[in-house]
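Please read the structure below before turning to the comments.
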Amino acid sequence: MPELPEVENYMKYIDSTALHQQIVAMDCRDDRLLKKPESDFNEHLLHQEFKETHRLGKYLFLKTTGKKILVIHFGMTGRPNYYKSEEDRPKFGHLQLTFKNGFHFAFENKRKFGWWDLADSITDFKTSHKLSDDARDLSLEDFKNSLNGRKTDIKKIIMDQSVAAGVGNWMADEILYQSKIHPQKKVANMTEHDIESVFEAMKKVIEVAIEKDAHYRDFPEHFLMHFRKEDETCFHTEAQIKKIKVGGRTTYFSPEWQKL
DNA sequence: CGTTATGTTTCACT
DNA sequence: CAGTGAAACATAAC
Numbered sequence: 004m005p006e007l008p009e010v011e012n013y014m015k016y017i018d019s020t021a022l023h024q025q026i027v028a029m030d031c032r033d034d035r036l037l038k039k040p041e042s043d044f045n046e047h048l049l050h051q052e053f054k055e056t057h058r059l060g061k062y063l064f065l066k067t068t069g070k071k072i073l074v075i076h077f078g079m080t081g082r083p084n085y086y087k088s089e090e091d092r093p094k095f096g097h098l099q100l101t102f103k104n105g106f107h108f109a110f111e112n113k114r115k116f117g118w119w120d121l122a123d124s125i126t127d128f129k130t131s132h133k134l135s136d137d138a139r140d141l142s143l144e145d146f147k148n149s150l151n152g153r154k155t156d157i158k159k160i161i162m163d164q165s166v167a168a169g170v171g172n173w174m175a176d177e178i179l180y181q182s183k184i185h186p187q188k189k190v191a192n193m194t195e196h197d198i199e200s201v202f203e204a205m206k207k208v209i210e211v212a213i214e215k216d217a218h219y220r221d222f223p224e225h226f227l228m229h230f231r232k233e234d235e236t237c238f239h240t241e242a243q244i245k246k247i248k249v250g251g252r253t254t255y256f257s258p259e260w261q262k263l
């Protein structure tokens with residue numbers, strides 16, 4: 004479930020668990036989850052500690068006491084799991100670190116779309132991966148500039164990590180529901196006001212989701228997440244939620260509420 | 001057995 | 001080069 008608010012949560016989780024623990028071992032059960040040779044990770048992680056965490060979009064950066072930064076992307080099904088007893092090792096913990104205190108840090112990844120990489124700096128990583136500022140900090144000016152000249156559907160654009168780093172599929176649906184904009188509305192046909200509505204909804208969704216620790220059940224009752232399912236009833240209209248594909252991704256929206 | 005899944009990367013076109 | 005759309009990736013769960 005890792006979009007911006009979930010990754011924010013994972014970061015806080017790591018801050019309160021794996022930070023400042025000396026790494027004594029690494030166990031890799033599938034090296035396809037590593038963007039560099041396993042020996043590189045051993046070289047740069049063993050005997051080091053994580054000293055600081057950062058998040059940019061859906062990417063998490065763990066600064067070490069060594070030279071490199073561990074970059075984690077959770078893919079579609081990733082999450083961290085800090086545990087002590089070996090029998091508690093999660094089934095899908097394909098990558099794992101062990102600390103001097105006896106605890107383990109597992110990188111659970113059922114679908115193996117997540118990965119670890121090593122980077123020299125967050126700035127370089129941001130540039131080479133063409134990431135915008137984090138959606139939480141993004142300025143309206145930068146957002147408007149990114150939309151300039153774009154011709155495709157608004158949903159595709161806000162999910163573009165070079166436009167609003169951190170926005171994923173459920174957030175995009177939520178943002179467009181809150182701003183009453185149809186996911187297939189062409190950016191070129193949007194007014195200044197439409198664009199500002201989307202921007203404001205994006206900020207609102209991010210802040211609410213982070214405040215609620217990405218716990219969907221605690222979201223306000225008018226949030227799409229509560230009825231983001233085909234044929235559920237829209238909070239504002241009596242119409243039913245429709246399911247379509249936009250940019251290859253499953254999209255839920257309220258046809259009465261969200262106008263093209 | 002076929003379909004689906006909250007993501008990124010790559011590649012062929014315009 | 002910039003923008004777009006589709007495919008590929010790997011695998012559990014329904």
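Sequential numbering from 4 applies to the first sequence in my numbering.
Using N, Cα and C, we set each Cβ at its ideal position, and we do this for glycine too.
In this structure, DSSP gives residue 193 a state outside helix and strand, which the three-state scheme calls coil. As the crow flies, the alpha-carbon of residue 256 is around 34 Å from that of residue 36. By the Cβ neighbour-count rule, residue 163 is buried, with 16 or more other Cβ atoms within 10 Å of its own. In this model, residue 133 and residue 165 are separated by some 5 Å (Cα to Cα). Secondary structure at residue 116: coil, using DSSP grouped into helix, strand and coil. Secondary structure of residue 76 (DSSP, three-state): strand. Taking each of 79, 63, 236 and 205 in turn and checking the Cα distance to residue 161, the smallest one comes out for 205.
A Cβ-Cβ contact shorter than 9 Å links residue 114 with residue 78. In chain order, 21, 24, 25, 26, 27 and 108 place their CB closer than 8 Å to the CB of residue 102, counting only its own chain and leaving out the 5 sequence neighbours on each side. About 7 Å separates the beta carbon of residue 145 from that of residue 135, a gap short enough to meet the 8 Å contact definition. A contact between stretches requires three or more CB pairs, one per stretch, nearer than 8 Å, and the region 142-157 meets this requirement with the region 189-200.
Residue pairing of residue 26 in beta bridges, as defined by DSSP: 102. The beta-bridge partner set that DSSP reports for residue 37 consists of 119. Between residue 119 and residue 106 a beta carbon distance of about 18 Å is seen, past the 8 Å cut, so the two are scored as non-contacting.
Sequence-distant partners of residue 112 (beyond 5 residues in either direction) whose C-beta falls short of 7 Å from its own C-beta, in its chain, are 36, 78, 80, 81, 95 and 97. As DSSP reads the structure, residue 31 sits in a beta bridge with 98. Residue nearest to residue 262 within the set 253, 193 and 123 is 193 (criterion: CA-CA distance). Leaving aside the five residues that flank residue 231 on each side, the residues in its chain whose CB is nearer than 6 Å to its CB run, in chain order, 255. Here residue 226 is near residue 177, since their CB atoms are less than 9 Å apart. For residue 252, the three-state secondary structure derived from DSSP is strand. Residue 58 holds the alpha-carbon nearest to the alpha-carbon of residue 129 among 58, 29 and 99. The Cβ atoms of residue 209 and residue 169 sit closer than 9 Å to each other.
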